[in-house]
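S.K.: Numbering (the numbering used here), first residue to last: 28 to 325. Every residue gets a Cβ at the ideal spot worked out from N, C-alpha and C, and that includes glycine. Note that the structure is predicted; figures quoted are calculated from it, not measured.
#1: Who are the Cβ neighbours of residue 196 in its own chain at under 7 Å, not counting the five residues just before and after it?
#2: Excluding the 5 residues preceding and the 5 following residue 179 in the sequence, name in chain order all residues of the same chain whose CB lies nearer than 6 Å to its CB.
#3: Tell me which residues share the same chain as residue 250 and place their Cβ nearer than 6 Å to its Cβ, disregarding the 5 neighbours each side in the sequence.
#4: What is the rounded straight-line gap between the Cα of residue 67 and the Cα of residue 81?
#5: Does the contact criterion of 3 or more C-beta pairs under 8 Å hold for the stretch 286-298 versus the stretch 266-276?
#6: Mapping the DSSP letters down to three states, classify residue 257 as helix, strand or coil.
#7: Would you please state the rounded distance, in angstroms, between the beta carbons of residue 220 and residue 261? I believe it to be under 8 Å.
#8: Terminal residues of the continuous alpha helix (DSSP H) containing residue 135?
#9: Please go through the stretch 138-219 and give each complete beta strand (DSSP E) segment of 3 or more residues, from N-terminal end onward.
#10: Which whole-angstrom value describes the C-beta separation of residue 271 and residue 298, a residue pair presumed to lie in contact below a C-beta threshold of 8 Å?
#11: Near residue 88, what residues of its chain come up, given a Cβ to Cβ distance below 7 Å and the 5 sequence neighbours on each side ignored?
#12: Use the C-beta contact count for residue 198: other C-beta atoms within 10 angstroms, 16 or more gives buried, fewer gives exposed.
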């Protein structure tokens, strides 16, 4: 019986990166790879196909019975995540990227952590490779420890609870989006908790990141600040303004970039989020502000 599926997102030549890192054969564990190939739009159209049903070649190391590869011509990391979740069937899922590697005991540890936390739908873990500092004690995700932030490859969840919630990754956020190049995992987690799911942080290492994380970006980049402001806009006016002010001060201290620069782009993202919500309330915008939308996952 498959208990855990590792959901790996990749684009183009990134498929070779998956073959180059460790994905051990573990009883009860399966890997689902969603491989985005925009160059195959004419061949695939809007279809999502399992590679075994096509003549598309994959690296030999991925031709294993415990690895399923799906190919799509779609773009965007959020759409990739949504597609992977829609193809999952196991009770537990772990989000992953094409440069994450694992050991057998780490993946078994994910399963054991859910057994030890039966009332939680989401568990966030630790990974090594990016010099990220982590809290040493468990905490409820609704009351996160100071300084903690989420990375997508730390997220594991009970598939049924997430599917039943209707919450999806927002295609407006994340790599490949024309609007905001990051923040998709924070938004997704925020929306799941808002929908009533329970989550906990467990100080347990579940993998190693081999390259520069897509989440490891300059905190003062305009696109990063806009995305953060956009997410803050969903938390209400007063909490958002407090978070914007606090974020601007922290980024200024950490990077030396001017406080006015940081406030400008945080506020722009916040205002864009407010305008989108106003249009939604008036029925003038069909794009959901939160990822509950049933948008095309390809």
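M.R.: To lay it out plainly:
#1: 105, 108, 109, 211, 215, 318
#2: 122, 212
#3: 208
#4: 12 Å
#5: yes
#6: helix
#7: Incorrect: roughly 12 Å between the Cβ atoms, too far for contact.
#8: 131-143
#9: 149-155, 182-185
#10: Wrong, their Cβ atoms sit about 11 Å apart, outside the cutoff.
#11: 46
#12: buried
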